[in-house]
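Its first residue numbered 70, the sequence shown is counted upward by one per residue in the working numbering. The beta carbon of each residue, even a glycine, is placed where N, CA and C say it ideally should be. One structure is given here, and the rest of the page talks about it.
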Amino acid sequence: MTFQGPEEELDRLRHPSEALAVVLSNTSLLPSEHVALSEASGRILAADFRAAHDFPLFPASTMDGYAVISDDGSPWRDVVGVQAAGRLIDAEVTPGTAIKIMTGAPLPMGADAVVKVENTEVADEHVIIHQEFVEPGESIRQIGSDVKAGQLLIAAGARIGPAEIGMLAAYGGDPVTVRRKPRVSIVSTGDELLDPSEPLEPGKIRDSNRFMLQSALEAAGAEIIWAGKGPDVRDQLEPLLVKLISDSDIVITSGGVSMGDLDLIKPILMDLATVHFRRIFLKPGKPLNFATAGPTLIFGLPGNPVSALVGVEIFIKSAIRKMTGSGDGPQTVRVTLGRDTEPTDRVEYQRAIVTVDQDGRLTAVANGPQGSSRLASFLGANALIVIPPRETRYFAGEMVDAILIGELGSGI
Ligand code: AMP
Ligand code: MG
Numbered sequence: 070m071t072f073q074g075p076e077e078e079l080d081r082l083r084h085p086s087e088a089l090a091v092v093l094s095n096t097s098l099l100p101s102e103h104v105a106l107s108e109a110s111g112r113i114l115a116a117d118f119r120a121a122h123d124f125p126l127f128p129a130s131t132m133d134g135y136a137v138i139s140d141d142g143s144p145w146r147d148v149v150g151v152q153a154a155g156r157l158i159d160a161e162v163t164p165g166t167a168i169k170i171m172t173g174a175p176l177p178m179g180a181d182a183v184v185k186v187e188n189t190e191v192a193d194e195h196v197i198i199h200q201e202f203v204e205p206g207e208s209i210r211q212i213g214s215d216v217k218a219g220q221l222l223i224a225a226g227a228r229i230g231p232a233e234i235g236m237l238a239a240y241g242g243d244p245v246t247v248r249r250k251p252r253v254s255i256v257s258t259g260d261e262l263l264d265p266s267e268p269l270e271p272g273k274i275r276d277s278n279r280f281m282l283q284s285a286l287e288a289a290g291a292e293i294i295w296a297g298k299g300p301d302v303r304d305q306l307e308p309l310l311v312k313l314i315s316d317s318d319i320v321i322t323s324g325g326v327s328m329g330d331l332d333l334i335k336p337i338l339m340d341l342a343t344v345h346f347r348r349i350f351l352k353p354g355k356p357l358n359f360a361t362a363g364p365t366l367i368f369g370l371p372g373n374p375v376s377a378l379v380g381v382e383i384f385i386k387s388a389i390r391k392m393t394g395s396g397d398g399p400q401t402v403r404v405t406l407g408r409d410t411e412p413t414d415r416v417e418y419q420r421a422i423v424t425v426d427q428d429g430r431l432t433a434v435a436n437g438p439q440g441s442s443r444l445a446s447f448l449g450a451n452a453l454i455v456i457p458p459r460e461t462r463y464f465a466g467e468m469v470d471a472i473l474i475g476e477l478g479s480g481i
């Protein structure tokens, strides 16, 4: 048996699912906070939201028409008032009378049905009902028919979108109890990096990761508290990371984690944090480092933009879901391969376009060449298809797992 020192164990190639389990077991729920309803869009609800009252609270008309007594056989009726939405008038429907009523208005006393205006005719002060039968309760929304007091309206962990905002507003959910946004800092490292606005020089490339990661993390519901290029010298980079670790829930670095790398991230993480793993049986994205310092998660992403974004999709977004109580691992579906696919020596996450046909079947086609520096493979991609290594190629028509990262198209 060979001696497995701690460094060897850190560099053991972990299966992506094992690595994800390590990340999630080190991730805990963030505290909740109150925000105004007008600020709640996109946030994660932190407590079950229940109806404080029935809806509707009063029997309400669903039509513009006339409130009547259903079994009143009078050939025509005196119109004794008009009931608009908003306030109950002081009038009563009695046999031989009707009250004109608007949609959403409370049913006046005495009435038990509404006849829609299309089935009526007005002559002088009277209304004639052109309907053979009027059902009791016709065109009326009864008390509590939509929602009963105490009913669960939105479960904790839901992302607040337009429908949730409407429900919260209707039931007095202002302010709203939401999860605090994860505070994230993003540090690009590498001597070769220039800002996008700077002119290129020989040997230099532009720092795309910082902006890409900021966009991905904001879309995932994070608050970016710092994003920039890290200093190239250890005795400046290390204190910056110390500060970011103490201010952030998640610190993300990119670059400087490859084997035999001259960069600084790996030794600094060994110094400042508990490193959990440094390599994953994953393509692209093998040299992904994961460490914790207290409750703060630190992801040392590879510099390669494709590898970095795959790392975000699989690991960082999962951690954010767990921190906000909105889920855990990525959403996985089964898809049919649209084309023959050659496996590699690691579990490959191919950027792909998944379409859904009329019968709901999902088919995936890789989004162009899968080279790990070709960020264009992410443009328009809505899934990562999971291709585990094996002896033989994968054939079109086989089923594989895919992680959804965008909207499904119809493929028509
Ligand atoms: P590294 O992980 O530092 O070995 O970097 C791997 C590859 O990604 C190299 O080609 C780097 O030039 C490139 N790279 C590193 N950081 C960035 C960045 N912030 N934006 C774009 N490419 C980068
Ligand atoms: Mg580098």
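Alpha carbon to alpha carbon, what distance is there between residue j and residue i?
| i | j | result |
| --- | --- | --- |
| Gly165 | Asn188 | 17 Å |
| Ser446 | Leu79 | 30 Å |
| Gly230 | Pro251 | 19 Å |
| Ala129 | Gln211 | 7 Å |
| Gly354 | Leu370 | 8 Å |
| Ala232 | Ile456 | 37 Å |
| Gly226 | Gly394 | 5 Å |
| His199 | Ala160 | 24 Å |
| Ser94 | Ser214 | 44 Å |
| Ser101 | Arg112 | 11 Å |
| Glu450 | Ala433 | It should be noted that the sequence gives Ala, not Glu, for residue 450. C-alpha separation (whole angstroms): 10 Å. |
| Val91 | Phe118 | 32 Å |
| Arg415 | Met236 | 46 Å |
| Gln419 | Ala224 | 34 Å |
| Ser479 | Gly407 | 14 Å |
| Met328 | Asn373 | 14 Å |
| Ile454 | Arg228 | 25 Å |
| Ile472 | Ala421 | 10 Å |
| Glu476 | Asp193 | 59 Å |
| Val469 | Arg348 | 24 Å |
| Leu263 | Glu270 | 9 Å |
| Glu292 | Phe464 | 43 Å |
| Val247 | Ala116 | 7 Å |
Are residue i and residue j closer than 7 Å when you measure CB to CB?
| i | j | result |
| --- | --- | --- |
| Asn358 | Val326 | yes |
| Gly114 | Arg249 | Correcting the residue type first, residue 114 is Leu in the shown sequence and not Gly. Going by C-beta atoms, Leu114 is not nearer than 7 Å to Arg249. |
| Glu207 | Ala182 | yes |
| Ile294 | Leu366 | no |
| Ala360 | Ala342 | yes |
| Val196 | Val148 | yes |
| Val28 | Val245 | It is not possible to answer for residue 28, since the shown part of the chain is limited to 70 through 481. |
| Lys386 | Ala296 | no |
| Ala120 | Phe346 | no |
| Gly150 | Thr163 | no |
| Arg443 | Pro412 | no |
| Thr381 | Ala285 | Position check: residue 381 holds Val in this sequence, whereas Thr was assumed. It is a contact, given that the beta carbons lie within the stated cut-off. |
Kindly identify the DSSP beta-bridge partner or partners of residue i.
| i | result |
| --- | --- |
| Pro336 | Paired residues: none, contrary to the question. |
| Asp470 | Arg403 |
| Leu366 | Ile319, Thr361 |
| Val191 | Val196 |
| Phe124 | Val216 |
| Val183 | Ala136 |
| His103 | Thr246 |
| Leu178 | It is Met, not Leu, that sits at residue 178 in the sequence shown. Note: Met178 sits in a beta bridge opposite Glu161. |
| Thr343 | Thr361 |
| Leu431 | Val425 |
| Gly452 | A small fix is needed here, since residue 452 is Ala in this sequence, not Gly. Partner(s): Ala421, Leu473. |
Tell me whether residue i is buried or exposed, calling it buried when 16 or more other Cβ atoms sit within 10 Å of its Cβ.
| i | result |
| --- | --- |
| Ser110 | exposed |
| Asp340 | exposed |
| Gln152 | buried |
| Lys391 | buried |
| Ser376 | buried |
| Val302 | exposed |
| Arg146 | buried |
| Gln73 | Here the model assigns Gln73 a pLDDT of 49, short of 50, so the residue's position is not dependable, and the following value carries that caveat. Result: exposed. |
| Gly242 | buried |
| Pro268 | exposed |
| Asp428 | exposed |
| Arg462 | exposed |
| Val191 | exposed |
| Asp141 | buried |
| Gly363 | exposed |
| Gln439 | buried |
| Pro75 | exposed |
| Leu126 | exposed |
- Query: Would you call the segment 169-184 and the segment 128-144 in contact, with 3 or more CB pairs under 8 Å?
  - Reply: yes
- Assess, as a yes-or-no matter, whether the segment 206-225 is touched by the segment 79-95 under the definition of 3 or more beta carbon pairs within less than 8 Å. no
- With a cut-off of 8 Å, do at least 3 Cβ pairs link the segment 256-267 to the segment 308-328? yes
- Query: Any contact of the segment 377-384 with the segment 400-409, i.e. 3+ C-beta pairs under 8 Å?
  - Reply: no
- Task: Check whether the segment 333-348 touches the segment 304-316, taking contact to mean three or more Cβ pairs, one atom from each stretch, closer than 8 Å.
- Result: yes
- Touch check for the segment 265-278 and the segment 141-156: three-plus C-beta pairs under 8 Å? The answer is no - the segment 141-156 does not touch the segment 265-278, with fewer than three Cβ pairs under 8 Å.
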